[in-house]
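What follows is a short report on a single structure.
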Amino acid sequence: MEKIRVGLIGFGTVGSGLAQTLLSQRERLQQKVGLPIELSRVADINISELPAEYEDVALSSDAGDIFNDPEIDIVVELIGGTEPAKSFMLEAIKRGKHVITANKALLSTHGREIFKAAAAHQVEVGFEASVGGGIPVIKALKEGLVANRIEVIRGIMNGTANYILTMMTEHGTPFEEVLMDAQEKGFAEADPTYDVEGIDTAHKLAILMTIAYGQHVHLDDISVEGISSIKPIDIDFAKEFGYRIKLLAISRNHGDHVEARVHPTMVPQSSMLASINGSFNAIQITGDTVGDTLFYGHGAGMMPTGSAVAADVVDIARNIISASINRVPPLSYLPEKFTPPSITPMGELTCPYYFRVTVLDEPGVLSAISGILGKHGISIRSVLQKGEKAGKPVHVVLRAHMALESSVQKAVAEIDALDFCTEPTVMIRVLIDEY
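Letter by letter, the sequence shown follows residues 4 to 438 in my numbering.
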């Protein structure tokens, strides 16, 4: 074997980042791998030519040209979405090609099928870039923390949502204005739903949980809430109480079941995660042996993500050269040791809560709200009221002690049905280390 040849499907932001990394780091990578790593072919339907520095790379609009090239060792899929990405991955695997992807949506919904096919055809699957961009969290979880029972996963895994919340916190700007600014600066997509509603974060949490627990966790197993209902007043109250609001992915291992949830969370200012600002990501993993670990860095972007994909290329190249394919199982656990997911019902969660109830300023309002909370066993820690203009709705903010999620949901539904409530109640869970 003279070199390791790579075929790339998709020459967009991440694809061009990978190409640039392989080109600029060519000599260094050869020194570390032992053979040259060559980008041989690119397939992309949106470009008619590659930049001049890639004059030796063949360009096609047909991904089949990559599958049919017997010299291609590794196929990298970087087009995103479910289809045709899934079909491309499975076809490459069928042809005996090792595959790499950054596609968290694909893996969190169809990962089981892809990994099963790869095992059957004895090829590798690399997916470091699917979680955390340039942060090497998947490799750390699969290998560096392999001797640990993973107790907790908590993380800020979406840079767009974190940027929006940071701007709201630092400048008091409403969600809608920050989102528009983020879109203008290219931090947010034209359709930001996956980012701001927590879906992108849930994709990533499903992948991490699958590796951590040896359970095939699917996107649908995760309870998901976004940040679009958060207002500057909630940010201000969080500050007053000693918290910052973050969109968190949270999983806790209870032994016979595991939590799986994404939602806005009041994080104590003393927490490491509270200080993660802007578009940065951070993932905290707690193991029974190692204790707390924190992985921090750019969660997206051309070069950080290209760096992560290149790391997969190098790992697979080394395994090809040493004839040690699947020395490390792609999901850490051996395939036959995987079990179906055992997810904690969301209604069984217990934690402190923050409520913002928007009501008409009338006699008996507070008494009615307190009565409903008390009826459902929810103990009030403190009450504040903001806004006292005649005839205008006011915000009643309540902090509750530890409460059961199912009871909280019932109480909120009853409160929102009251005639004097003018907006849906905003409920935010509070992060503490004890639960």
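Every residue, glycine too, gets a C-beta built ideally from N, C-alpha and C.
Residues that residue 104 bridges to, as DSSP identifies them: 80
Inter-residue Cα distance where the pair is residue 102 and residue 141: Distance between residue 102 and residue 141, taken at the CA atoms: about 16 Å.
Residue 434, buried or exposed, once every other Cβ within 10 Å from all chains shown has been counted against 16: buried
Segment contact flag, the region 399-415 with the region 346-354, C-beta cutoff 8 Å, min 3 pairs: yes
Anticipated Cβ contact below 8 Å, residue 138 with residue 302, distance rounded: 7 Å
Beta-carbon separation (whole angstroms), residue 12 vs residue 110, contact threshold 8 Å: Not confirmed; about 16 Å, so no contact.
Nearest candidate by alpha-carbon position, reference residue 375, set 363, 358 and 389: 358
Residues that residue 407 bridges to, as DSSP identifies them: 353
Per DSSP, cross-strand counterpart(s) of residue 269: 248 and 433
Own chain residues within Cβ distance below 7 Å of residue 19, not counting five before or after: So the list reads 305, once near-sequence residues are dropped.
Local Cβ density within 10 Å of residue 218, reported as buried at 16 or more and exposed below that: buried
Short Cβ contact (8 Å threshold) for residue 93 with residue 66: no
Straight-line Cα distance separating residue 370 from residue 192: 44 Å
Inter-residue Cα distance where the pair is residue 44 and residue 26: 14 Å
Residue 359 (DSSP reduced to helix, strand or coil): Correct three-state label for residue 359: strand.
Alpha-carbon to alpha-carbon, residue 415 and residue 382: 14 Å
Alpha-carbon to alpha-carbon, residue 413 and residue 380: 11 Å
Cβ neighbours of residue 264 in the same chain (closer than 6 Å, five flanking residues each side left out): Spatial neighbours of residue 264 in its own chain (CB-CB distance under 6 Å, excluding positions within 5 residues in sequence) are listed in chain order as 226 and 253.
Residue 403 to residue 295 span [Cα, whole Å]: 28 Å
Classification of residue 71 by the beta-carbon crowding that lies within 10 angstroms, buried from 16 upward: Exposed is the call here.
Three-pair Cβ contact test at 8 Å for the region 76-89 versus the region 49-65: By the Cβ rule, the region 76-89 does not count as touching the region 49-65, because fewer than three pairs are nearer than 8 Å.
Residue 438 in three-state terms, based on DSSP: Because residue 438 carries a pLDDT of 40, less than 50, the predicted location of this residue cannot be relied on, and no value is offered for it.
Enclosing beta strand (DSSP E) for residue 296 [first to last residue]: 294-301
Proximity below 8 Å, CB of residue 204 to CB of residue 160: The Cβ-Cβ distance between residue 204 and residue 160 falls below 8 Å.
Alpha-carbon to alpha-carbon, residue 277 and residue 246: 8 Å
Range covered by the alpha helix (DSSP H) that runs through residue 375: Here the alpha helix (DSSP H) through residue 375 covers 368-378.
Nearest to residue 212 (by Cα), restricted to the options 429, 31, 325 and 287: For the options 429, 31, 325 and 287, the alpha carbon positioned closest to that of residue 212 is the one of 287.
Minimum C-alpha distance to residue 362 - residue among 342, 395 and 346: Comparing Cα positions, the closest option is 395.
Proximity winner among 248, 323 and 259, relative to residue 270 (alpha-carbon distances): 248
Between the CA atoms of residue 47 and residue 64 - distance to the nearest angstrom: 5 Å
Rounded Cβ spacing between residue 23 and residue 309 (contact assumed at less than 8 Å): 6 Å
Identity of the residues DSSP links to residue 398 by a beta bridge: Residue 398 has 361 and 389 as its beta-bridge partners, per DSSP.
Secondary structure of residue 29, DSSP reduced to three states: helix
DSSP three-state assignment for residue 422, whether helix, strand or coil: coil
Whole-angstrom distance between residue 400 and residue 267, CA atom to CA atom: Each residue's Cα considered, the two are about 17 Å apart.
Any 3 or more C-beta pairs closer than 8 Å across the region 114-134 and the region 308-325: yes
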